[in-house]
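Protein chains in written order, with the UniProt record's numbering: chain A, 1 to 476; chain B, 1 to 476.
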């Protein structure tokens, strides 16, 4: 039995036709309607086929005209069929320096408008409630300060996290959750548990620069797998990589609301990804930091939901959804739990109990769910306003992602632009952006910008986006 | 010019005499008075010579009779002249398992009297003041929860730590201090900054088991250097090791109130140790967690004070002196600062601000110094009571250290006893002790017990010590 989903079988069929020259560059691609008839498939399958081919970079949609075959290796997207060349460790060392030079330049400047933050504006967080909960917890529990916290964290919080995970069909056992200092420590522990320095780890390309910094600090070799805003990591490219000569010890994936792509992997892809990794003995590390920010009527699944071998490591954090000042993440490491617990113990012992208890008291109430719903709605509005303004002010040929949640837009400028040049110019007038370069070591995103939409839309933000647009349009 | 201190030159002179057989086992050693005359040295130098020889295990003091030459390699002390055999990585792996099996057995039991804790009893800590400071900070500072803390920690706390360090003649620069999740994370970062897996790191033998666990978790090879309750690490043994074939990348030393020995290194030894390590390009990592608990009229120096090359890494913590529930440590890494900052950023980002600010508010007042003075006095009383009771109840031949501060006594039972057997037997009746085995991987401390004196002396404690004594005396 062929377990490859139908849409992917058909996408492969078209890929072969393009590779062999049966379908040529510039040629019009069969319409959705035609494909539905020809292959007797549903509308959604036909759409999925086109998206898949778009992700591979072989198809381009022209407004009011249809889909056309295009050169597959356009540098405007992650190289689709050819894998990125494996980077050697020496070449890799340096992303931290690049990232921190960007961060340090930002710290030296006086920032008026910050588009580089992935956080929401302070007023969107339930800070008063949290503060009240903390005050109450602090007054009520006299043993908070006189007892050292347990390595795995407070059981009250672990219970709530396990219960909440059910909303994403994720089965976590409270006793096997370890509370960490943010998702950063969680990912760190996951990597330390399953790799040794010099091992190779794969990530999505682009991906959150913080992950690249962690990998560099642990002396891990990194391979970047192309990913798209539509469906996340490119599974064909990943499969090719896993079949290749290099042993991939682990793969870090942000399946729901990828940073910076905003992608949400379809369920079929999630299932296939978990299966692929299990089959190649590659430990899948899931970063679910943004999952709670997805705006959807149907609950999403996590990768963990599809894990049948208890070998996936699930990491998440409250840092983005609840409050930037609360450094609480967690890790559920399946069969690696004992090793992760040992590493947590020797790395930093247990986290302080106060914020764990205060947060538990809040997350256990229905008002937490209400807060999340409100937050998601607000963010959707903010993303829409920002996206419209970017399209209004930025040069023709700019494209903006349309994620189903979160605070981030991934903006592709026409490829002659340099986002690093824009970063430096904008900084001079107090506008902070995240240049695409820091999201990969493969130098493929030099004309991308990540724009944070955490703040309510305002004349000041509008003005700042207009300024960015003017900077781009001015001949340099 | 011979830079070896006079007392050590003379100790070496006697060691040669013992080795060559000029002085024989069982023979009486020259009296202090005789040595003063013979070598024209002061009383303190003569005493120092005897202590040095005691530390090497070649001299034993018999009450009311004087000092006698003894077999140098008695297993009752760290092997003195012969170095511990280098342990290979495979042999080493396992200390964590041993330690955690001890810790887990403790957690399963119902503990009535806990002698295994290095903390003070809750009522000795200024918990009310801390709680009040936290409540005030939380009410006053609305941005605590809405801003992510900076990687290096809050500058208010770093300023106070730098200012307080002056009391131990230690020059720290606030801007180059990084606040950590306890000393555990500080040591972790120090080791990650200067070693790679497979490197060799030296430690004192015995030493705090937590350090051994950290080393194991980082896949570091460990060499143990004999240390004594009088003067800490044996510098001759260390020198031999540094001159040996194995490259020692780093050395972790607890110079003031060693855990478990209670030793305080004399200034001359501190200076020499720093010089030795600098000369062999071995990074010295100083753990000063217990320094504030030393009861002394003259301020102590740290190793950092003697560092002329900015290559020593200083680590400390408020966890034992201020409150077990406050997980704040710090690291001042000298020339390794940038690397440590990077590792802290990628390991766990900045620590939460609340406890940093609350603690700063307290540590900046004179009442903090008053609290420390009171705490030291109380602990001295508690140690005295405990020590007397141990000598009253434990078998003849038991010896107890007499540290100048802190909460810990290191108890040497006659060598036919097994502290691990005692641990298990005591646990059955709810008494918790730390068996000597977990403080080394060299199986030299199986008849030692670490006893915590953090709690005020009471009939219950007296009774528990009596029970331990009876267990030991009962024929097994």
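Ideal placement from N, C-alpha and C gives every residue a C-beta, glycine not left out.
query                                                                                                                                  : result
Presumed contact (8 Å Cβ cut-off) between residue 116 (chain A) and residue 432 (chain A), rounded CB distance                         : 4 Å
Residues from the stretch 327 to 357 of chain A in contact with chain B, defined by Cβ distance under 8 Å                              : 327, 342, 343, 345, 346, 347, 348, 349, 350, 351, 352, 353, 354, 355
Residue burial classification, residue 105 (chain B) (beta-carbon count within 10 angstroms, cutoff 16)                                : exposed
Sequence-distant residues of its chain with Cβ nearer than 6 Å to residue 466 (chain A) (five each side left out)                      : 393
Neighbouring residues, chain B, relative to residue 213 (chain A) (Cβ below 9 Å)                                                       : 342, 345, 346
Neighbourhood of residue 319 (chain A) by C-beta distance below 6 Å, restricted to the same chain and skipping five residues each side : 182
When B:417, B:261, B:336, B:8 are compared against residue 177 (chain B), the one with the closest alpha-carbon                        : B:336
C-beta neighbour in chain A for residue 148 (chain B), strict 8 Å                                                                      : yes
Contact set for residue 20 (chain B): own chain, Cβ-Cβ below 8 Å, skip 5 residues either direction                                     : none
Buried versus exposed, by CB contacts within 10 Å (16 or more), residue 195 (chain B)                                                  : buried
CB contact check: residue 362 (chain A) to chain B, cutoff 8 Å                                                                         : no
Interface partners of residue 131 (chain A) on chain B, CB under 9 Å                                                                   : 138, 139, 142, 144, 145
Alpha carbon of residue 135 (chain B) to alpha carbon of residue 326 (chain B), nearest angstrom                                       : 14 Å
Cross-chain neighbours of residue 105 (chain B) in chain A, by beta carbon under 8 Å                                                   : In chain order: nothing, as chain A lies at least about 16 Å away.
Buried or exposed by the 16-neighbour rule on C-beta atoms within 10 Å, applied to residue 444 (chain A)                               : buried
Cross-chain neighbours of residue 184 (chain B) in chain A, by beta carbon under 9 Å                                                   : 345, 346, 347, 348, 349
Neighbour-count burial assignment, residue 269 (chain B), 16 or more Cβ in a 10 Å radius                                               : buried
Rounded C-alpha distance that separates residue 88 (chain B) from residue 247 (chain B)                                                : Only weak support is given to the placement of residue 88 (chain B): the predicted model assigns it a pLDDT of 41, under 50, and the value that follows is read from those uncertain coordinates. Distance between the alpha carbons of residue 88 (chain B) and residue 247 (chain B): 14 Å.
Members of the stretch 23 to 52 of chain B that neighbour chain A once the beta carbon cut-off is set at 9 Å                           : none
CB contact check: residue 464 (chain B) to chain A, cutoff 8 Å                                                                         : no
is_contact[residue 196 (chain B), chain A] using C-beta, thresh 8 Å                                                                    : yes
Within 9 Å of chain C by C-beta, residues of the stretch 271 to 292 of chain A in sequence order                                       : No chain C is part of this structure, whose protein chains are labelled A and B.
Contact the stretch 122 to 130 of chain A vs the stretch 134 to 149 of chain B: 3+ CB pairs below 8 Å                                  : yes
DSSP beta-bridge partners of residue 408 (chain A)                                                                                     : A:452
Assigned secondary structure, residue 459 (chain B) (DSSP; H/G/I helix, E/B strand, else coil)                                         : helix
Segments of 4+ residues assigned as alpha helix (DSSP H) that fall wholly inside the stretch 355 to 418 of chain B                     : 366 to 393
Pair within 8 Å by beta-carbon distance, residue 347 (chain A) and residue 157 (chain A)                                               : no
Sub-8 Å separation of residue 295 (chain A) and residue 376 (chain A) beta-carbons                                                     : yes
Residue 7 (chain B) (DSSP reduced to helix, strand or coil)                                                                            : helix
Status (buried if at least 16 other CB within 10 Å, exposed otherwise) for residue 281 (chain A)                                       : exposed
Pairwise C-alpha distance: residue 283 (chain B) and residue 36 (chain B)                                                              : 38 Å
Closest Cα partner of residue 220 (chain B) within the set B:38, B:410, B:226, B:211                                                   : B:211
Same chain, Cβ closer than 7 Å to residue 461 (chain A), five either side skipped, listed in chain order                               : 113, 455
Other residues of its chain near residue 477 (chain A): CB distance less than 6 Å, five sequence neighbours each side excluded         : Any property of residue 477 (chain A) remains undetermined from this structure, which presents chain A solely from 1 to 476.
Spatial distance of residue 250 (chain B) from residue 9 (chain B) (CA atoms)                                                          : 27 Å
Beta carbon proximity, residue 134 (chain A) to chain B, threshold 8 Å                                                                 : yes
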